[in-house]
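Chains A and B, in that order, give the protein sequences. In case it helps, my numbering puts the first sequence at residues 1 to 383. In case it helps, my numbering puts the second sequence at residues 1 to 311.
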Amino acid sequence: METIGAFAIWSGVTIQFWPVWLGLAIIMGLSYAFKHRLGLYGHLYDSGVGIAGLALVLFWILTAMFADTIAPFDPIEQFGLLKRKPPGVIESGSGIPFFFGGDNLGRDLFSRMVYGSRFVLTIAPAATLVAFMVGITLGLPAGYFGGRIDTVLTFLANLVLAFPVILLFYLLVTPGVRETPIPTTMAAVFFMFPIIMFATLFKTGYGSRPVLFWTLMGFTAVIGGWLYLGLVFNRDPLGIVGLDPNELNIFAAVVFASSPAVFRIVRGLTMDIKTRDYVAAAQTRGEGPWYIMLWEVLPNARGPLIVDGCLRIGYTTILLGTLGFFGLGLSPESPDWGSMINQTRGFIRLVPTIVLPQTIALASLVLGLNLLADGLREQSLKD
Amino acid sequence: MLMFILRRLGVMLLTMLTLTLIVFALVNLEPNLKKLALEQNNNRMTQEAVDSWLEKEGYKRPLLVRYGEWLGNSLKGDFGYSTRFRKPVNEVMPERLVYTGILAFWVMATMVPGALIIGVLAGMREGSKTDRSLSVFSIATTATPEYVSGILFTVVFAAWLGWFKGVAKAGDVTFENFALPVMTMSIYGMGYIARMTRASMAEVMTSQYIRTARLKGMSFGAIVTKHALRNALIAPFTVIMLQFPWLLTGVVIVEKLFNYKGFGWLLVEAADNNDIDMVLACSLVSVAVVIVTQLLSDIGYAFLNPRIRVQ
């Protein structure tokens with residue numbers, strides 16, 4: 001079996017990633033040149049931590065986008081002769097090397113690592129976004145009104161938070177649960193929140209301008225309904241959006257596990273912001289409570305929420321990895337990092353490098369998100 | 001204060017009741033019961049045979065009746081029978097809890113001092129080189145979950161250097177056995193506590209009484225040890241207490257990773273085999289740990305910080 005040396009491996013990998021380098025150079029170069037006009041995002045380029053975080057995150061986003069160009073092999077194609085082979089072994093059929101070696105079933109680890117970014121970078125940000133909508137829609141009234149609403153909602157949030165995440169996933173992400181209507185119901189409830197939130201946002205903001213209001217509501221209904229049909233019921237009439245039952249299950253469970261924490265943060269921020277003068281001014285003007293919450297409180301809470309969003313996407317990435325690590329909900333074929341770690345970790349003694357690509361990929365993405373959050377926090381405190 | 005604790009205890013009880021009911025409902029879902037029946041008998045059972053077995057074992061009675069029964073028995077200290085281990089839960093559980101307790105003790109014993117030292121060193125001179133490098137270190141550790149760091153440590157220390165084994169045997173308290181799992185868990189948790197300590201320390205260092213101490217000519221070392229430390233360590237206390245729930249999740253991952261047969265391993269075994277009574281007992285223990293530590297952290301915080309005494 002022919003192999004190539006360490007230098008050839010790294011130069012080969014570097015060349016394979018060419019669309020990423022090009023994209024990084026264009027995005028970061030342009031942003032750096034115009035950093036003074038880009039607000040908070042531009043300020044990121046003033047801190048080393050921020051640049052490092054942004055570069056790591058962009059690297060993985062671009063990798064996910066250009067995965068088809070970067071990966072030399074199909075992530076689920078098996079080459080029987082290349083099982084557990086060390087890095088640099090050449091696949092005789094095509095003459096292309098397995099840069100990071102083969103996994104336990106003879107699949108190319110490099111291609112699997114590259115495609116793995118796709119799964120993480122679609123589910124994690126989307127689930128975090130939905131969790132934020134749920135947390136915001138419930139956290140604002142809890143913090144603003146206080147009283148009984150607050151007591152009930154806080155109790156419910158603490159209920160979920162008191163539950164160990166692993167146990168929650170073991171109970172919620174199983175083939176057994178998938179046979180019941182639980183995941184679909186959960187998703188149906190969670191996906192209502194973005195629609196409710198946007199509807200309230202437009203109603204309170206533009207209710208006095210019927211034409212604009214109804215146009216916006218029309219958009220919300222069409223786009224929301226389309227995504228709703230596609231994501232929750234997998235019946236998108238256009239066939240573009242869709243989630244497999246197991247992905248929907250994971251999605252619903254991840255949203256369920258992370259929205260209480262968002263709720264807590266939003267509630268705390270709202271309780272703090274509602275004592276400010278501009279809120280009192282709005283109250284004196286006679287604005288309704290939902291207008292104040294969505295148009296006065298929420299925009300002023302955006303700083304901490306953006307920082308928390310970055311951290312939470314990282315945390316969700318870790319959660320998805322945990323699911324893969326325990327073999328919950330994902331098909332064994334799926335090239336996601338957690339499953340890859342789980343499948344290869346038994347062979348560390350034979351081929352120590354077999355676990356490295358996926359572990360380092362996961363850690364670097366989460367590290368990037370955490371550094372980005374830190375850079376954002378640092379820069380937003382300066383203003 | 002007493003009223004506060006009593007109210008919290010009431011909420012605690014309600015939380016535990018609701019959560020156990022939810023777990024009870026989830027493990028008793030139709031497909032899960034069928035899986036249990038197949039696993040307990042043989043895999044080629046017909047649907048009728050499954051139904052009659054469930055009927056015979058009493059799984060077909062209304063959910064609430066059976067929950068009431070379980071609750072009554074649990075209050076008497078009888079947590080039922082484990083179908084996976086074919087023994088009463090009370091015989092399996094305590095041993096595993098002790099093993100995990102030993103592991104958790106060593107994790108706490110290494111993590112807390114390490115994190116406090118890092119946090120204090122970073123926070124006492126905010127913005128210095130030490131601060132920056134230690135902060136990046138803390139971020140890096142919080143970004144590396146146990147199943148990543150554990151595997152990286154195994155690759156380095158077990159596969160390449162050959163110092164330790166990649167597995168840890170339960171109950172064997174030796175350095176070789178515990179080094180990898182303890183290191184994996186404490187490093188992941190360390191970053192978070194260190195960052196909280198750093199923030200708290202940095203805030204204290206800018207306060208008026210530190211400036212006064214500095215103006216009267218005290219040495220920097222004396223200021224840090226005599227004035228700053230005590231006040232800076234109040235906030236991390238809560239964070240440290242709240243690490244216990246996290247420790248539970250971490251324990252499950254690390255025990256699976258190193259094949260350490262403690263509580264986390266038990267939980268995974270029980271959940272994988274839909275061992276109803278065992279899953280319920282495990283959830284009860286984990287939820288109790290979470291809630292009790294929350295209560296203790298609230299009380300301890302009020303106790304340590306006279307300004308925040310609860311009315």
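Glycine included, every Cβ here is placed at the ideal spot set by N, Cα and C. None of the values given here were measured: they were computed from a predicted structure.
C-beta neighbour in chain B for residue i, strict 8 Å
i        : result
A/Asp68  : no
A/Pro125 : no
A/Leu372 : no
A/Pro164 : yes
A/Arg267 : no
A/Arg349 : yes
A/Tyr45  : no
A/Ala252 : no
A/Ala6   : no
A/Arg276 : no
A/Val448 : What the structure shows of chain A is the stretch from 1 to 383, and residue 448 of chain A is not part of that stretch, so it cannot be assessed.
A/Gly139 : no
A/Glu179 : yes
A/Arg245 : For the record, residue 245 of chain A in the displayed sequence is Pro; it is not Arg. No, A/Pro245 lies away from the interface with chain B (no Cβ there is under 8 Å from its Cβ).
A/Ala384 : An answer regarding residue 384 of chain A cannot be provided, because it is not within the stretch 1 to 383 covered by chain A.
A/Leu381 : no
A/Tyr291 : no
A/Thr14  : no
A/Pro357 : no
The alpha helix (DSSP H) enclosing residue i, as first and last residue numbers
i        : result
B/Lys56  : 47 to 57
A/His36  : Element bounds for A/His36: n/a, residue is neither H nor E.
B/Thr130 : 129 to 142
B/Thr15  : 2 to 27
A/Gln379 : 356 to 382
B/Ser149 : 146 to 153
B/Gln208 : 208 to 215
A/Ala55  : 48 to 65
A/Pro194 : 182 to 206
B/Gly101 : 89 to 124
A/Asp277 : 277 to 285
CB contact below 8 Å: residue i versus chain A
i        : result
B/Asn32  : yes
B/Val239 : no
B/Thr293 : no
B/Ile5   : no
B/Trp160 : yes
B/Lys165 : no
B/Lys60  : no
B/Val310 : Low confidence applies here, because B/Val310 scores a pLDDT of 48, under 50, leaving its location unreliable and the question unanswered by this model.
B/Thr20  : no
Beta carbon of residue i nearer than 8 Å to that of residue j
i        : j        : result
A/Gly303 : A/Leu44  : no
B/Ala232 : B/Met201 : yes
A/Lys130 : A/Val241 : Looking at the sequence provided, one finds Val at residue 130 of chain A rather than Lys. Contact flag unset, no.
A/Leu62  : A/Pro97  : no
A/Phe73  : A/Asp108 : yes
A/Thr316 : A/Thr69  : no
A/Ala144 : A/Thr284 : Residue identity differs from the one stated: residue 144 of chain A is Tyr in this sequence, not Ala. No, these two residues do not count as a Cβ contact at 8 Å.
A/Ala187 : A/Ala252 : yes
A/Pro357 : A/Phe17  : no
B/Thr110 : B/Phe153 : no
A/Asn104 : A/Arg84  : yes
B/Tyr147 : B/Phe237 : no
beta-carbon residue i near the ligand ZN non-hydrogen atom, thresh 7 Å
i        : result
B/Lys226 : Judged by which ligands are present, the structure shown has none, so any question about the ligand ZN falls away.
Please give the ranges of any alpha helix (DSSP H) in the region 218 to 290 of chain B, keeping only runs that are unbroken, at least 4 residues long and fully inside the region.
Here the runs fully enclosed are 229 to 232, 234 to 241, 243 to 257, 263 to 272.
Taking the runs of the beta strand (DSSP E) that are 3 residues or longer, which of them lie wholly in the region 162 to 199 of chain B?
Complete beta strand (DSSP E) runs here, min 3: none at all.
What are the complete alpha helix (DSSP H) segments, minimum 4 residues, inside the region 145 to 176 of chain A?
The alpha helix (DSSP H) runs lying completely inside the region 145 to 176 of chain A and spanning 4 residues or more are 147 to 161, 165 to 172, given in chain order.
Return the residues of the region 243 to 254 of chain B that lie within a Cβ-Cβ distance of less than 8 Å from chain A, sorted by chain order.
For the region 243 to 254 of chain B, which is checked against every Cβ of chain A, the residues closer than 8 Å are Pro245, Leu248, Thr249, Val252, Ile253.
Contacting positions in the region 148 to 159 of chain A - beta carbon closer than 8 Å to chain B:
Contact annotation: in the region 148 to 159 of chain A, residues whose CB is within less than 8 Å of a CB in chain B are Phe155, Asn158, Leu159.
Of the residues that make up the region 145 to 157 of chain B, which ones have a beta carbon closer than 7 Å to any beta carbon in chain A?
Listed in sequence order: Pro145, Tyr147, Val148, Ile151, Leu152, Thr154, Val155.
Start-end ranges of the beta strand (DSSP E) lying completely within the region 217 to 271 of chain A, minimum 3 residues:
None, since the region 217 to 271 of chain A contains no complete beta strand (DSSP E) of that length.
If you measure beta-carbon to beta-carbon, which residues of the region 271 to 299 of chain B are closer than 9 Å to chain A?
Cβ contacts with chain A: Ala271, Asp272, Asn274, Val279, Cys282, Ser283, Ser286, Val287, Val289, Val290, Ile291, Gln294.
Identify each residue in the region 315 to 327 of chain A for which the Cβ-Cβ distance to at least one residue of chain B is less than 8 Å, and report them in chain order.
The residues in question are Ile318, Gly321, Thr322, Phe325, Phe326.
Using a Cβ-Cβ cut-off of less than 9 Å, give me the residues of the region 118 to 143 of chain B that come near chain A, in sequence order.
Listed in sequence order: Arg132, Ser135, Val136, Ile139, Ala140, Thr142, Ala143.
Below 7 Å between beta carbons is the criterion; list the residues of the region 100 to 130 of chain A that meet it against any residue of chain B, in chain order.
So the list is empty, because no residue satisfies the distance condition.
Name the residues in the region 196 to 220 of chain B whose C-beta lies less than 8 Å from a C-beta of chain A; which are they?
Considering only beta carbons, no part of the region 196 to 220 of chain B lies closer than 8 Å to chain A.
Within the region 304 to 344 of chain A, note down every full alpha helix (DSSP H) run reaching 4 residues or more, in order along the chain.
For the region 304 to 344 of chain A, whole alpha helix (DSSP H) runs of length 4 or above, ordered along the chain, are 337 to 344.
Identify every run of the alpha helix (DSSP H) within the region 54 to 132 of chain A, keeping only runs that are complete inside it and at least 4 residues long; order them along the chain.
Scanning the region 54 to 132 of chain A from its first residue to its last, the whole alpha helix (DSSP H) runs of 4-plus residues come out as 67 to 70.
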